[in-house]
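Asks: First to last, the protein sequences are chains R and W. Each residue of the first sequence is one higher than the one before, starting from 1063 at the first, in the working numbering. Each residue of the second sequence is one higher than the one before, starting from 65 at the first, in the working numbering. Ideal Cβ positions, reconstructed from N, Cα and C, are used throughout, including at glycine.
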Amino acid sequence: MDKNMKILIVDDFSTMRRIIKNLLRDLGFSNTDEADDGNTALPKLQSGNFDFLVTDWNMPGMQGIDLLKAVRADPKLASLPVLLVTAEAKKEQIVEAAQAGVNGYVVKPFTAATLKEKIDKIFERIEAG
Amino acid sequence: MNENNICSDEGLNYAKKLVECIEQGNLEEAEKVMEDLSALRESHLFQELGKLTRDLHDTMVGFQLDSKIADMAETDIPDATERLNHVITLTEQAAEKTLSSVETSMALFDDLREKSEKLHENWDRFRKRDMDVDEFRSMSSELDEFFQWLDQKTPEFSSSLSDIMLAQGFQDLTGQIIGRVITLVQDVEEGLVGLIRMTGKKMNVPGAAEKDKKKDWPDIEAVGPAVPGVDKGDIVNSQDDVDDLLSSLGF
């Protein structure tokens, strides 16, 4: 896993963006950028050479699930790994996210260990091809 | 124009007749005309009142049929109470966790300061060549112990800080819950404004159709954090549940 990879953190709560940013830095990933919803995230992704997207679901403007669908529908971004970090805990939501092509799903509140485990798993799977 | 209105041909005729009677000094006839005129006005008033009563009745019936207000009273308000109680729980948990971690960190920090002060003192004596060989040996082993202690305690220290940071996630979770309660308060306010307006001439409840649409959320829309006692049914309770569900889907 490339510790220098560029990661976009999307959440409408700036406190949560800071928490995720700090956790990622603890894990050795310090090349991060932030957006507060799908509408601001998508242009960044389209022009920014990001390697990994960590997004919330429930946001004003464009929601995380719609951002995920937009990413998968964009030929340039389609293979971007996406981790949902969200308080949304309905089973049908998790199924919907899986069907939309999410790479990992973390429910809030979460621990640093859970975040690390999911990121490791995502990139293990990608490296294994 | 309403034919029973005072401002009508009929009313005008009464008025002319009244002027005539007064000019002729015919008191008896004048009083009779005034009575007729008054009856004309009253019948108009009763008609308006009747219309108003009918409108009010229709609106009341319509309003009762509109399940929005009933839903709010029966479900949404108790739900909001539960949600706000959950906010208290979440903020309390976050505060407790933060305080515990700060206490652990402070205790560790006090140990650290005490140990380094002692080492610093000995180190100064060593630099001033004010230390014999035995004391130097003892300082050496103290230094070894200190480094061991540091290696052992550093993870504890950083995990306390990490816990404090993660505990701040309550702001996101409670913010989402409070946001939903604010929406409900706005809905109730609109309902009450509608109720007040019903007593006025225009008896429509503004925004009712719009609100209904909003309430009819498609299931897959975001609903915010699950609140115990409010969100029942197909809710996952932990990250393990999420992982199990995803692995059942071939993840």
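1. Smallest Cα separation from R:Trp-1119: which of R:Ala-1160, R:Val-1157, R:Asn-1084 and R:Leu-1146?
2. What are the partner residues of R:Tyr-1167, as DSSP defines its beta bridges?
3. According to DSSP, what are the bridge partners of R:Leu-1070?
4. Does the beta carbon of W:Ala-94 fall short of 6 angstroms from some heavy atom of the ligand MG?
5. Do R:Ala-1162 and R:Leu-1130 have their C-beta atoms within less than 7 angstroms of each other?
6. Per DSSP, what are the beta-bridge partners of W:Ile-299 in this structure?
7. How many angstroms separate the CA atom of W:Leu-113 from the CA atom of W:Ser-72?
8. Do the CB positions of R:Ala-1097 and R:Lys-1106 come within less than 7 angstroms of each other?
9. With a cut-off of 7 angstroms, does the C-beta of R:Thr-1176 fall near any C-beta of chain W?
10. So, for R:Ile-1069: in the same chain, excluding its five sequence neighbours on each side, which residues have a beta-carbon less than 8 angstroms away from its beta-carbon?
11. Using Cβ-Cβ distances below 7 angstroms, what residues of the region 1148-1164 of chain R are close to chain W?
12. Would R:Met-1124 count as contacting chain W if we go by Cβ distances under 7 angstroms?
13. So which of W:Leu-104, W:Glu-87 and W:Ala-94 has the shortest CA-CA distance to W:Asn-69?
14. Out of W:Val-151, W:Glu-74 and W:Glu-93, which one is the CA nearest neighbour of W:Val-294?
15. Mind listing the chain R neighbours of W:Leu-313? Cutoff is C-beta to C-beta under 7 angstroms, in chain order.
16. Please list the residues of the region 223-250 of chain W that have a C-beta atom closer than 7 angstroms to any C-beta atom in chain R, keeping them in chain order.
17. Short of 8 angstroms in beta carbon distance, which residues of its chain neighbour R:Met-1067, apart from the five on each side in sequence? Order them along the chain.
18. So with CB distances below 8 angstroms, who are the chain B contacts of W:Leu-310?
19. For W:Gly-314 and W:Lys-182, what's the separation of their Cα atoms in angstroms?
20. State buried or exposed for W:Pro-289, treating a residue as buried only when at least 16 other CB atoms are found within 10 Å of its CB.
21. Give a yes or no on whether the C-beta atoms belonging to R:Lys-1152 and W:Asp-143 are separated by under 7 angstroms.
Replies: In brief:
1. R:Leu-1146
2. R:Leu-1146
3. R:Asp-1095 and R:Leu-1115
4. Absence of the ligand MG from the depicted structure is noted, as is the absence of any ligand whatsoever, leaving it without description.
5. yes
6. R:Lys-1152
7. 20 angstroms
8. yes
9. yes
10. Leu-1086, Phe-1091, Asn-1093, Thr-1094, Asp-1095, Phe-1112, Asp-1113, Phe-1114, Leu-1115 and Val-1116
11. Ala-1149, Glu-1150, Ala-1151, Lys-1152, Lys-1153, Glu-1154, Gln-1155, Ile-1156, Val-1157, Glu-1158 and Ala-1160
12. no
13. W:Leu-104
14. W:Val-151
15. Val-1157 and Ala-1160
16. Ser-226, Met-229, Leu-230, Gln-232, Gly-233, Gln-235, Asp-236, Leu-237, Gly-239 and Gln-240
17. Phe-1091, Asn-1093, Asp-1113 and Phe-1114
18. No chain B appears in the structure shown, which is made up of the protein chains R and W.
19. 59 angstroms
20. buried
21. no
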